Structures are given as structure tokens and as C-alpha cells.
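Asks: Chains B and E, in that order, give the protein sequences. So the first sequence is numbered by numbering that gives the first Met the number 0: it starts at 0 and just counts up by one. So the second sequence is numbered by numbering that gives the first Met the number 0: it starts at 0 and just counts up by one. Glycine residues also receive a C-beta, built at the ideal position from the N, C-alpha and C atoms. This one's a predicted model, so the numbers in the text were calculated from it and none came from an experiment.
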Amino acid sequence: MRVTRLPVIVVLALIWSSTGNAGGMDGDRELVVAHDGTGDYTSIQAALDGIPASHAGRVVIFIRKGLYPEKLFLRTNLVTLVGEDRDSTRIVFAELRKTWTATHGGSDWGSATVNIDTGTSDITLANLTIYNNYGSLYGNHDHQFAIRGFGTRVILLGCNVMADGGDTVSLWNGESGMYYHAMCYFEGWVDYVCPRGWCYITNSQFFGHNRASASFWHDGSKNRRQKFVIADSFIDGVAEFPLGRNHLDGQFFFIRCHFAGNMADRPFYRPPSSKREWQWGARHYFWGCHRSGGDFAWFADNIDRADSAPAVDQITALWTFDGQWDPEASMPSLLPYAILPSPKDNAKAIGGTDAVLRWVPARNATRQRVVLTGESGAPREVVCSGAELRAEHLEPRTKYTWRVDVLAPRDTIQGQLWSFTTE
Amino acid sequence: MKKQSHITLADIAGRLGVSRVTVSKALRGHPDISDGMSKNVRRVASELGYSPNRMARNLSARKSHLLGLVVPKIAHFFFGSVIETVYAKALEHKYETILMVSHENEEQEVQHLQTLVSMRVDGIIISVSARLKDTRIFDWVKKMGIPLLFMDRVPDPPPKGSTAVIVDDYGGSVLAIEQALAVGYTTIGCIGGDRNVNIGRNRVQGYTDTLKRQGIPVREEWIIAGGYGTEAGYNGFMRLHENGQVPRCVFAVTYPVALGVYAAAKARNIRIPQDMDVICFGDSDVGSLLTPALSCVSQPTQRLGEESVRILMEMIDHPESVPGGSRVIPTELILRETCVASKGAAVLSGEALRVRN
Numbered sequence: 000m001r002v003t004r005l006p007v008i009v010v011l012a013l014i015w016s017s018t019g020n021a022g023g024m025d026g027d028r029e030l031v032v033a034h035d036g037t038g039d040y041t042s043i044q045a046a047l048d049g050i051p052a053s054h055a056g057r058v059v060i061f062i063r064k065g066l067y068p069e070k071l072f073l074r075t076n077l078v079t080l081v082g083e084d085r086d087s088t089r090i091v092f093a094e095l096r097k098t099w100t101a102t103h104g105g106s107d108w109g110s111a112t113v114n115i116d117t118g119t120s121d122i123t124l125a126n127l128t129i130y131n132n133y134g135s136l137y138g139n140h141d142h143q144f145a146i147r148g149f150g151t152r153v154i155l156l157g158c159n160v161m162a163d164g165g166d167t168v169s170l171w172n173g174e175s176g177m178y179y180h181a182m183c184y185f186e187g188w189v190d191y192v193c194p195r196g197w198c199y200i201t202n203s204q205f206f207g208h209n210r211a212s213a214s215f216w217h218d219g220s221k222n223r224r225q226k227f228v229i230a231d232s233f234i235d236g237v238a239e240f241p242l243g244r245n246h247l248d249g250q251f252f253f254i255r256c257h258f259a260g261n262m263a264d265r266p267f268y269r270p271p272s273s274k275r276e277w278q279w280g281a282r283h284y285f286w287g288c289h290r291s292g293g294d295f296a297w298f299a300d301n302i303d304r305a306d307s308a309p310a311v312d313q314i315t316a317l318w319t320f321d322g323q324w325d326p327e328a329s330m331p332s333l334l335p336y337a338i339l340p341s342p343k344d345n346a347k348a349i350g351g352t353d354a355v356l357r358w359v360p361a362r363n364a365t366r367q368r369v370v371l372t373g374e375s376g377a378p379r380e381v382v383c384s385g386a387e388l389r390a391e392h393l394e395p396r397t398k399y400t401w402r403v404d405v406l407a408p409r410d411t412i413q414g415q416l417w418s419f420t421t422e
Numbered sequence: 000m001k002k003q004s005h006i007t008l009a010d011i012a013g014r015l016g017v018s019r020v021t022v023s024k025a026l027r028g029h030p031d032i033s034d035g036m037s038k039n040v041r042r043v044a045s046e047l048g049y050s051p052n053r054m055a056r057n058l059s060a061r062k063s064h065l066l067g068l069v070v071p072k073i074a075h076f077f078f079g080s081v082i083e084t085v086y087a088k089a090l091e092h093k094y095e096t097i098l099m100v101s102h103e104n105e106e107q108e109v110q111h112l113q114t115l116v117s118m119r120v121d122g123i124i125i126s127v128s129a130r131l132k133d134t135r136i137f138d139w140v141k142k143m144g145i146p147l148l149f150m151d152r153v154p155d156p157p158p159k160g161s162t163a164v165i166v167d168d169y170g171g172s173v174l175a176i177e178q179a180l181a182v183g184y185t186t187i188g189c190i191g192g193d194r195n196v197n198i199g200r201n202r203v204q205g206y207t208d209t210l211k212r213q214g215i216p217v218r219e220e221w222i223i224a225g226g227y228g229t230e231a232g233y234n235g236f237m238r239l240h241e242n243g244q245v246p247r248c249v250f251a252v253t254y255p256v257a258l259g260v261y262a263a264a265k266a267r268n269i270r271i272p273q274d275m276d277v278i279c280f281g282d283s284d285v286g287s288l289l290t291p292a293l294s295c296v297s298q299p300t301q302r303l304g305e306e307s308v309r310i311l312m313e314m315i316d317h318p319e320s321v322p323g324g325s326r327v328i329p330t331e332l333i334l335r336e337t338c339v340a341s342k343g344a345a346v347l348s349g350e351a352l353r354v355r356n
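(1) According to the Cβ coordinates, are Gly260 (chain B) and Gly219 (chain B) closer than 7 Å?
(2) From the DSSP output, in three-state form, read off Pro309 (chain B) for me.
(3) Which term fits His392 (chain B), buried or exposed, when burial requires 16 or more other beta carbons within 10 angstroms of its beta carbon?
(4) Label Thr365 (chain B) either buried or exposed according to how many other C-beta atoms from any shown protein chain fall within 10 Å of its C-beta, with 16 as the threshold for buried.
(5) Mark Asp25 (chain B) as exposed unless 16 or more other C-beta atoms lie within 10 angstroms of its C-beta, in which case mark it buried.
(6) Hey, out of B:Arg152, B:Phe144, B:Arg147, B:Asp163, whose CA is closest to Tyr137 (chain B)'s CA?
(7) Can you tell me where the beta strand (DSSP E) holding Lys398 (chain B) begins and where it ends?
(8) Fully enclosed by the segment 200–248 of chain B, which beta strand (DSSP E) runs are 3 residues long or longer?
(9) For Ala74 (chain E), count neighbouring Cβ atoms within 10 angstroms of its own Cβ and tell me buried if that reaches 16, exposed if not.
(10) What are the complete alpha helix (DSSP H) segments, minimum 4 residues, inside the segment 125–186 of chain E?
(11) Comparing alpha-carbon positions, which option in B:Glu394, B:Gln323, B:Phe61 lies nearest Trp197 (chain B)?
(12) Report the CB separation of Val189 (chain B) from Val168 (chain B) in whole angstroms; it is logged as a contact under 8 Å.
(13) Note down, in chain order, each residue of its chain lying with its Cβ closer than 6 Å to the Cβ of Leu155 (chain B), except the 5 sequence neighbours on either side.
(14) Within the segment 26–85 of chain B, note down every full alpha helix (DSSP H) run reaching 4 residues or more, in order along the chain.
(15) Out of curiosity, what's the CA-to-CA distance linking Arg218 (chain E) and Lys142 (chain E)?
(16) So, is Arg396 (chain B) buried or exposed, given that buried needs 16 or more other C-beta atoms within 10 angstroms?
(17) Do you know how far the Cα of Tyr336 (chain B) is from the Cα of Ile412 (chain B)?
(18) Closer than 8 Å between beta carbons: that is the criterion. Which residues of the segment 30–54 of chain E meet it against chain B?
(19) How about Gly65 (chain B) and His34 (chain B): do their beta carbons lie closer than 7 Å?
(20) Look up His5 (chain E) in the DSSP assignment and say whether it is helix, strand or coil.
(21) Kindly list, in the order they appear in chain D, the residues whose Cβ is closer than 7 Å to that of Gly16 (chain E).
(22) Of all the CB atoms in chain E, is at least one closer than 7 Å to the CB of Tyr40 (chain B)?
(23) Determine the contact status of Ala129 (chain E) and Asp193 (chain E), defining contact as a CB-CB distance below 7 Å.
(24) Report the partner residues of Gly67 (chain E) according to the DSSP bridge assignment.
(25) Taking the alpha-carbon positions, what's the Arg335 (chain E) to Ser101 (chain E) distance?
(26) Is any beta-carbon of chain E found at less than 7 Å from that of Asp306 (chain B)?
(27) Does the segment 68–79 of chain B come close enough to the segment 103–122 of chain B that 3 or more CB-CB pairs lie under 8 Å?
(28) Are there 16 or more other CB atoms within 10 angstroms of the CB of Gly144 (chain E), so buried, or fewer, so exposed?
(29) Does the count of Cβ pairs from the segment 287–304 of chain E and the segment 102–118 of chain E closer than 8 Å reach three?
(30) Which word fits Lys88 (chain E), buried or exposed, when buried means at least 16 other C-beta atoms lie within 10 angstroms of its C-beta?
(31) Could you check the C-alpha separation between Ile123 (chain E) and Ala111 (chain B) for me, to the nearest Å?
(32) Does the beta carbon of Arg20 (chain E) come closer than 7 Å to any beta carbon on chain B?
(33) Determine whether the beta carbon atoms of Thr337 (chain E) and Pro272 (chain E) lie at a separation below 7 Å.
(34) With 7 Å as the threshold, decide whether the Cβ of Ala55 (chain B) is near any Cβ in chain E.
(35) Where does Lys226 (chain B) land, buried or exposed, given buried means 16+ other C-beta within 10 angstroms?
(36) To the nearest angstrom, report how far apart Glu239 (chain B) and Ser37 (chain E) are at their CA atoms.
So this is what it looks like as C-alpha cells:
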């Protein structure tokens, strides 16, 4: 008999894990920016400048809803900018790369809406919009960065990152840069997502306006192990948009991605302006990718041809970064909903009759309702404050769906639906 | 007792866990910082006993909000009154005034200007010393990008492109001499002043021109230069007296010079106005208390100070919009008990008669 009463889900851990604390504030400091003067600062840059040079721990800058027409300069390690609302907390600044460099001695520093200095690491931007709108204002869609910088361990989480020109997201530490982006929306023109070094993007959406060149670009020429992984994402664009290219050696993995029907039948290529051959050959790998309206042969599964021929389940953030960094293992609670379920969404063959469910809670979520539904019977529900539960007495060969709702004082924010299937 | 160490922005920042930039902006009321944060910063600053290091602030700020004011004397009604006005008007513009007194010494004057420039004042008002000869220091101040305005006393000739606010020295002395002539005096001497600065030259010029216009010969031995203080008046009167031919009326180029004349006349048992009458350029708050009460050309010190600050502010904020040259403040004649045809008329009026030029 199926047990559906509340006790079947036993709360294993009611305390926050060290990395799952709502807001991640233990020992950290939070500054509040509100353009109407109700916070600590009225501009984001003022808050960034307000961080003491000798600060210990992470500084979280919470930005209330509003338009912030600012160009930001991040020069301090361990800083998180988190918006109150992804679509209503907007950092918007128009800057054309050519114009900037022409008036600044050829230097790119300062040419983006968000500028991350060399050597500045452990930066997280979450739940907000960053937009370089030069093209909309002046009709010029040449290179215009929304984010440009160096450093390493830069996270974009639940952000809209847009530019009206090329090179929207340009994180360019080619030696040691590691970049993790999840649940984001990216938009731009040529090479609008173009990391150097290591980059992992998951659960994101893309829209490219460029027909002539490409959407994705990678420079992995400094280390053969550098790679650019895009997983579980939807890639769209204008009619006949090409997917990608690389001038220098690059290594791409597209895992379980869906391409819009607008995508051109054009494989990755080395542009004529490339100055040298790819020393490690063409390294463009795919697994489980499909296109609306039919697949093209060039994105058939081929990850077995990659170095070390990884199995698809091996391709995680930690694997992407060659074991140097596991951002998902230490992800703070920043978004207004729970993320990063374990078992992974759509996981198969979960063994045993019990399963431990884990997630990263929503920011400031003190009460959550976990709802677990099998293929039959009533949903099981439990209210908890933690980030981990044990689900007992699971049926074999059954697909379960589950979600984590945030119980706020006035309303309930329903979580994303995840699933796993038992053995 | 151990002296308490100076509280810095870093101390406040450390207490609040913010940067010095935030503390500095909060104390200046920068709009980047919320009211709540600013109040916290000010509260902690107050608790710690913080007082701003203005010199350090000047180094980092584009504006120091300091004005320099250089005057030749301070124990002087005219300059005392002007200084008070400059202070008050500067404060209205959120400026503080740094006062320097040259004691009519050119070297000190140069040192004061160098000090003010090093303090990065936003502008300077100066009334030059009587002994000024080398004007290159003013070119240097200009080269340092600090607006400079001459007030009342201007070098002769004035530096090229300079701006000044002066009283109508020439017109005022014409008023005084015409009054003496109206009373019926035809022998009028002139004591004080010199030719180095505008005020002495213009006042003496007004005296001589008015006499000439009335066909009265100008007697050089009755023009006794020597400065602007009491001593110049005393010594000047003694020189006139020693010459044997004392004019019926004396025009003193400043109020202190007139006081010196009074003292010398008393020493020589000469009665004012019965034996010799006196009229002067410049007034004092005690002018009416003298015996006899002194008639004078009044300089509008308040207006002089106000106008000087107003124009200097324009020079600081909109330097291109302020043309060089002199703005002339008119004077007025105040008749009391000297140099009047009927002193009773002035007394009966209940207050001094005023004649505007």
C-alpha cells in the first residue's frame, strides 16, 4: 500500500547547509541599493565603492527594482550583485566599443556596461538585467559589451544579459578564467557569447541577431583542456543564424540543447580572418541536441570523439572546470525560487526505495513546501525550512515529479517542476 | 595627559564596515548615499569626535569652498566692515573665508598669496598694500588658475585682464571738495595718500581737478602725501602748520588721516571748524561721536563686500562669463558738524544729511 501521509517524507536536515543559507549572509555583509533612497546607496557603483578594501568574506549588494543607468566597475573580489527582480532591476548603459577605445588610448577597460577588472575573482551577478543599448539608440550594432572582464570564477545566475551589438558577454581571462552561467537569457549580435578559458552554461536561452558570422565563439588556445559547455539550453535567433565559430583553438560541447528552426545549416567554422590553423583540430561536440524542423548531421552525437571520450553524465560544471571549481556545490541562495535539484532534473534509474532530495533554496526563504507526486495517488507535501529531505517508500520504475514552493507571508511562489525516475 | 589621536575617515569607515569613499560622500551629502546611511555615518562621526581635515579634503575635492581675503589692515573701520560682509556673504555661498593681513607690507602680501594658493582656495579677494611695487605675484596666481579680484585698492597700473570692485574715489573726493567750496572755502589742503595705489591717486586727482574747475590754483605745498593712517594725518597737519600758511579747510584722504589731523590740531590749539575745517574720505561708526562730528564721503562697505563676493563667485563658477575691468560703487556725502555752512541745520535734521554723487 502506498503511504501518502506526511510522515513518509522525513526531514533529514532542518538546518541550512553552509552554502545554502538564505542569502548566504553568515559572516558576510549585505548592502542595499535603492534608487529612491530607501537603501544604503542610491547607485550601484557607490555601493561597490563602499566596500572596504580589506573586507573579509563575501559582500552581497542587494539592488531593489528600478532602472540604474550606470556603468559599473568591479575591482573587488568576492562580491555578489543580486537584484530584487530579474526583469525590473535593470542596469542599462549605452557604450560602443570603438568609440570608447578611440577616446581611451585603445584601452577596452570601461567599454562595457559591467566591467570586471583583471584579477578580480569570485563575482556573482544574479536576478537582474544588464543591457548595453547603444544599438537601439544609435542604430549601430558593432561590438558593444554588456559584460566584459577578466578574473575568474564569475557566475551569472538568473540574469538577462543583452546588447544591441556583438560580444555581449566577453569574459576573457584566457589563461585561467572559469565562468559559470545558469538560468540566464543572452542576446546580441556577432559572437555574443564569447568566453576565453573555461565556461559552463546551463538551463539558459539565447537569441542571436547575426546572420553573417556566428552566435558562439570560444578561445581555448592557452590550454588543451579548456572548454565551453552549453547544456540544457534553447538557442534561437533571426532566420539563418549560424551557431558558432572560433578563430583560435576552441572546444565546444552542446549537451541536450534545442536549436530553433531558424538556425542555419552551417557547422562551426574557422573564419578567414583567423591567423593560424587550429593546432588541436576541430573540436565541436554534441550530445542529445535537436532542432525544430529537423536535425542537421553536423550536430549528431559525437562526444565520444572528444579527449577522454566523456560519458554524457560526466559532463558537469565540475568536469568542465577540470576539477578546479564546483560552483554548484557551493551555490548561495540568490534567486527567488529554488534551483539545482538533486537528483538532477530528468534523472533516470534512481535506485532504492528512498531518495534524498536536495536543492538550493530561494533567497530569504524561511518556509518551503515540497510537493512530490508519483504517477498515481495524491501528492505528498511537507513544509520545511531546510534544503534536504528524504523521500521514503518510492515505487520502482516510476516517474516522480517534485517542486519546492516558497511560502512567503502573503503568497506562495510555486517552484519549477523537476522529475526523476526510479529503477 | 595623552593627546587623543585624530579621528579619520578610516576610523568611521572601520566602525561601519564601509569604505572611506562612502564615509566621505555621506559627510558631503552626496546623492549616491541614502539618507539612512548618511545619518549613520554622521552619528558615528559625531560619536568618535570627528572633525574634517579641511586641508586633506582640499587635495581631493575639485572645490575647497574656501576664499582667501587679503587686506592691508584689520584694525580699521573700513576694512573691519568689509571683512564682516565678505565673511557673511561667502557663508551664504557655503564658503569659508581665510583672512590674511599684510600690514601694508609687500613681502607679507606675497607670502599670503602663496599660502592661499597652496591651500587651494577657490578664489582670492585682495586689497593691496600701499607699498606695492612688484605685481608679478598676481600673474602667478592667475597662472595657478585661481580667480583673483581686487577690492578697493588696485595696483597702478592694474594687471592685464584683472577684475576689481572699487568705490568711486574720484567722484567722492569731488563731492567733498565741492562741499568745501560751497561753504565758501577757497584755501583747501589735501593730506594723505600716495601714488602707488588707485585710491590715493584718484582721491587727490578729484581734489585737484575740482579746484581747477573752479579756477582755484592748486598749491603743491598743500598736498601732503604720506599714507592712509593716523600718523599720516598728524604729520601732514604739522608740516602744513610748519609751512606757516595753513589752508582754511583740509581734505583728509581717509578717516584715520582725519583723526590724525584732529589730534594735531588739538596739539596746536587750533579749533575745528572755527580755525580750520576738515572733511574726509571714509567714515567710521564713531564718526558722529567726534567733537565736532566729522563730515565725510561715506564708502558703502557693505555693498563693496557683497559685490566683491558676488563677482568672485561668478569668476569661480563661470570664469568665461566675467569680463575684466572695474565695477565702481558710488559714494555719498554725509554732512555732520564740519564743513557745513550752518552746522545747526545738520543737527536739527536729526541725522546726517546725505548727498549722493
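Replies: Taking the geometry as given:
(1) Going by C-beta atoms, Gly260 (chain B) is not nearer than 7 Å to Gly219 (chain B).
(2) Coil, per DSSP.
(3) Exposed is the call here.
(4) It is exposed - the Cβ of Thr365 (chain B) has fewer than 16 other Cβ atoms within 10 Å.
(5) With a pLDDT of 37 at Asp25 (chain B), under the threshold of 50, the modelled position of that residue is not reliable, and the figure given next carries that caveat. Around the beta carbon of Asp25 (chain B), a 10 Å sphere encloses fewer than 16 other beta carbons of the protein chains shown; the residue is thus reported as exposed.
(6) Closest option to Tyr137 (chain B), Cα to Cα, is B:Asp163.
(7) Lys398 (chain B) -> beta strand (DSSP E) spans 398–406.
(8) Within the segment 200–248 of chain B, the runs of beta strand (DSSP E) at least 3 residues long that lie entirely inside it are, in chain order, 204–207, 227–230, 233–236.
(9) Exposed: under 16 other Cβ atoms inside 10 Å.
(10) DSSP runs (the alpha helix (DSSP H)) wholly in the segment 125–186 of chain E: 135–142, 168–182.
(11) Of the listed residues, the one whose Cα sits closest to Trp197 (chain B) is B:Gln323.
(12) Their Cβ separation, rounded to whole angstroms, is 13 Å, which puts Val189 (chain B) and Val168 (chain B) out of contact at 8 Å.
(13) Hits under 6 Å: Leu124, His180, Cys183.
(14) Here the runs fully enclosed are 43–48.
(15) Near 45 Å, if we compare the C-alpha coordinates of Lys142 (chain E) and Arg218 (chain E).
(16) By the neighbour-count rule (16 or more Cβ atoms within 10 Å), Arg396 (chain B) is not buried but exposed.
(17) When rounded, the separation of the alpha-carbon atoms in Ile412 (chain B) and Tyr336 (chain B) is 7 Å.
(18) Correct list: Pro30, Asp31, Ile32, Ser33, Asp34, Gly35, Met36.
(19) Contact: yes.
(20) DSSP places His5 (chain E) in the coil class of the three-state scheme, outside both helix and strand.
(21) Protein chains B and E are contained in the structure displayed, whereas chain D is not.
(22) It does: the Cβ of Tyr40 (chain B) has a partner Cβ on chain E nearer than 7 Å.
(23) Taking 7 Å as the Cβ cut-off, Ala129 (chain E) and Asp193 (chain E) qualify as a contacting pair.
(24) Per DSSP, the beta bridge partners of Gly67 (chain E) are E:Ile97, E:Ile123.
(25) One C-alpha to the other measures close to 33 Å.
(26) Not closer than 7 Å to any Cβ of chain E, the Cβ of Asp306 (chain B) fails to qualify, so no.
(27) Enough Cβ pairs lie closer than 8 Å, so yes.
(28) With fewer than 16 other Cβ atoms within 10 Å, it is exposed.
(29) Contact between the segment 287–304 of chain E and the segment 102–118 of chain E is absent: fewer than three C-beta pairs spanning the two stretches fall below 8 Å.
(30) It is buried - the Cβ of Lys88 (chain E) has at least 16 other Cβ atoms within 10 Å.
(31) C-alpha separation (whole angstroms): 43 Å.
(32) Strictly speaking, residue 20 (chain E) in this sequence is Val, with Arg absent from that position. So yes, Val20 (chain E) belongs to the interface.
(33) Between Thr337 (chain E) and Pro272 (chain E), the CB-CB gap stays under 7 Å.
(34) False, the Cβ-Cβ gap to chain E never drops below 7 Å.
(35) Result: buried.
(36) One alpha carbon belongs to Glu239 (chain B), the other to Ser37 (chain E), and they sit about 54 Å apart.
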